[in-house]
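Protein chains in written order, with this note's numbering: chain A, 243 to 446; chain B, 243 to 446.
Taking it in order: structure first as structure tokens, then the write-up.
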């Protein structure tokens, strides 16, 4: 075989992957996750279904990769490193900014359908759930914990607080409102959570 | 028709319902929610599938009723009104007791499979999600909000705090750890959440 087939194959492969990701995201948004199949994704992407099975064992894996790719592209377009958390020295303001951005993202229809489908699949399928958490959620939580540790160094958070648990006071309420539709997601709500978590609900 | 057929039919109907609930809970625990079908539930319960369709439009509805029945029975056996929240006058101790009981319940295998299946179905199917939240989650959250309002009257919680948002600081982290397996659920974790929520993570 001539040498140049390798780069051609690689370019073809990148094009196929993009088409597969786009097809998976479109189908989940249009007909829902339960009715989306590997066959349907293959047909829409214009590839054979064996091409998909060669790279991914299940439709959940295709959708997870597609969603990670979408997230990375969105961050790139916004000119950000993914999941950046500001450190202006004002912890309350920084956390409000992070939480308000999370609200905007959770309400964005392009993210809503695939994120909800992956979260639902992850509840029943423990392996998918662990991968979803490890690849999508944990990297953000680690940055959040790092910001809280910096706040401990500057005295804005008590030294005896566990940052990994503390971050759940404002991250988890947002996640649950989104996942289970237990209440509206707004910037005002995000701000309130940050205030309660920092200063507590008991009188000072 | 003789008069006594009505009570007979009613007893038969109660027996059928119990058998259907037991079959639905057993199948979800044994083979998982996605593979559980109305036909399978009917076969296991020893009833015709039309009997099930007469009472419930979908397997999600059967499972929701079965789970509500299981919860009511468990509360009855423990001699409790469902979802009781103590008011000993010590808010921190009362919230720790409620949260520790929630941890025990979330780790109970009899509740785990159906509760997780309903939560997952509720993520994708908005109608099931709203019913799950309205009938299972909201009644507990309302009692929790009522306990926080009593604490506002006694001065243990600031008057300007919104109880419905405040309760999410300790309820939602527990829910998310359970739903997404983001960390271990223990009594120590429950106690830590209550402490952070009451007194905040900033120095006092």
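The beta-carbon is built from N, C-alpha and C at its ideal position, and this holds for glycine as well.
Close Cβ partners of residue i (< 8 Å) along its chain, the five nearest in sequence each way excluded
i	result
residue 425(B)	419 and 431
residue 375(B)	364
residue 442(A)	none
residue 436(B)	334, 337, 338, 341 and 412
residue 361(A)	374 and 421
residue 345(A)	416, 427, 428, 429, 431 and 432
Inter-residue spacing [alpha-carbon to alpha-carbon] between residue i and residue j
i	j	result
residue 314(A)	residue 404(A)	29 Å
residue 331(B)	residue 414(B)	24 Å
residue 245(B)	residue 408(B)	For residue 245(B), the predicted structure reports a pLDDT of 48, less than 50, and the residue's modelled location is therefore unreliable. A value from the coordinates is still provided. If I take the Cα positions, the gap works out to 55 Å.
residue 367(B)	residue 438(B)	34 Å
residue 391(A)	residue 338(A)	17 Å
residue 301(B)	residue 309(A)	30 Å
residue 349(B)	residue 428(B)	9 Å
residue 370(B)	residue 283(A)	27 Å
residue 319(B)	residue 274(A)	41 Å
residue 347(B)	residue 446(A)	33 Å
residue 423(A)	residue 395(A)	36 Å
residue 433(B)	residue 295(B)	45 Å
residue 384(B)	residue 372(B)	16 Å
residue 262(B)	residue 343(A)	46 Å
residue 268(B)	residue 267(A)	35 Å
residue 481(B)	residue 293(A)	The structure shown does not extend to residue 481(B), since chain B is modelled only from 243 through 446, so no value can be given for it.
Where residue i meets chain A, residues with beta-carbon distance less than 7 Å
i	result
residue 288(B)	Under the 7 Å cutoff, chain A gives no residues; its nearest Cβ is about 27 Å from residue 288(B).
residue 304(B)	Chain A residues near residue 304(B): none, gap ~17 Å exceeds 7 Å.
residue 340(B)	None at all; the shortest Cβ gap to chain A is about 15 Å.
Proximal chain B residues relative to residue i, where beta-carbon distance stays under 8 Å
i	result
residue 404(A)	434
residue 439(A)	411, 438, 439, 442 and 443
Cβ-based neighbour list, residue i, same chain, cut-off 7 Å, excluding 5 preceding and 5 following
i	result
residue 270(A)	278, 305, 355, 356 and 359
residue 265(B)	283, 286 and 287
residue 353(A)	347
heavy atom of the ligand NAP below 7 Å from residue i C-beta
i	result
residue 442(A)	Absence of the ligand NAP is noted for the structure shown, with no ligands found whatsoever.
Interface residues of chain B facing residue i [CB-CB closer than 7 Å]
i	result
residue 398(A)	444
residue 343(A)	By Cβ distance, chain B contributes nothing, its closest Cβ being about 19 Å from residue 343(A), past 7 Å.
Own chain residues within Cβ distance below 6 Å of residue i, not counting five before or after
i	result
residue 335(A)	none
residue 386(B)	409
residue 399(B)	390 and 393
Interface partners of residue i on chain B, CB under 9 Å
i	result
residue 379(A)	422 and 424
residue 370(A)	By Cβ distance, chain B contributes nothing, its closest Cβ being about 11 Å from residue 370(A), past 9 Å.
Contact list for residue i against chain A, beta-carbon separation under 9 Å
i	result
residue 295(B)	Neighbours of residue 295(B) on chain A: none; closest Cβ ~20 Å, over 9 Å.
Give the residues from the stretch 348-366 of chain A that approach chain B closer than 8 Å (Cβ to any Cβ), ordered along the chain.
So the close ones are 358, 359, 361, 362, 363, 364, 365 and 366.
Listed from N- to C-terminal order along the chain, which residues in the stretch 408-424 of chain A have their beta-carbon within a distance smaller than 7 Å of any beta-carbon of chain B?
Cβ contacts with chain B: 408, 410, 411, 414, 415, 417, 418, 421, 422, 423 and 424.
Is the number of C-beta pairs between the stretch 287-305 of chain A and the stretch 255-267 of chain A that are closer than 8 Å three or more?
Yes: the two stretches touch, three or more of their Cβ pairs being nearer than 8 Å.
Please identify, using Cβ separations under 8 Å, the residues of the stretch 250-282 of chain B that lie next to chain A, in order along the chain.
Listed in sequence order: 274, 275 and 276.
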